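Per the UniProt record's numbering, the very first residue in the sequence shown carries number 1; after that it's consecutive.
Using N, Cα and C, we set each Cβ at its ideal position, and we do this for glycine too.
What you are looking at is a predicted structure, and each value in this text was computed from that prediction instead of being measured.
Accompanying notes for the structure given below.
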Amino acid sequence: MQNIPPQVQAMLGQLESYQQQLQLVIQQKQKVQLELTEAKKALEELEKVEDGTTIYKTVGTLIVKTDKAKAVEELKEKVETLEVRLNALERQEKKLNEKLKELTAQIQSALRPPTAG
Numbered sequence: 001m002q003n004i005p006p007q008v009q010a011m012l013g014q015l016e017s018y019q020q021q022l023q024l025v026i027q028q029k030q031k032v033q034l035e036l037t038e039a040k041k042a043l044e045e046l047e048k049v050e051d052g053t054t055i056y057k058t059v060g061t062l063i064v065k066t067d068k069a070k071a072v073e074e075l076k077e078k079v080e081t082l083e084v085r086l087n088a089l090e091r092q093e094k095k096l097n098e099k100l101k102e103l104t105a106q107i108q109s110a111l112r113p114p115t116a117g
């Protein structure tokens with residue numbers, strides 16, 4: 001294997017770091033997407049329920065009684081928060097992908113043999 005210049009080694013290390021960060025962001029994004037889907041489904045089902053119907057929600061390991069209006073409000077807030085979080089993760093993913101693309105191009109350029117003139 002040819003000797004890799006220290007500058008390129010540093011860029012390869014940075015590339016690996018970006019890839020790890022991207023993987024974490026993707027995992028977080030998937031988790032948030034799942035939570036968002038669940039919250040939207042719960043909200044959809046809750047809105048079908050008649051007013052005055054007894055509603056229960058889980059709080060940790062407990063199941064507690066609540067009213068429909070309060071439950072709907074809490075779910076709407078949760079959906080809103082998750083959507084904001086998802087948008088932030090999508091922006092972060094996009095930035096990391098751009099950094100990876102730029103760094104990959106720099107590494108390829110640095111490893112390309114100089115052309116004889």
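- T54: not part of any beta strand (DSSP E); DSSP gives it neither H nor E.
- Along the region 19 to 49, the beta strand (DSSP E) does not occur as any fully enclosed run of 3 or more residues.
- The secondary-structure analysis by DSSP pairs T66 across a beta bridge with I55.
- In this structure, the straight-line span from the alpha carbon of V79 to that of A71 is close to 12 Å.
- The residues L103, Q106, I107, A110, in chain order, have a CB closer than 8 Å to that of M11 in the same chain once the five nearest residues on each side in sequence are set aside.
- DSSP, read as helix, strand or coil, puts T81 in helix.
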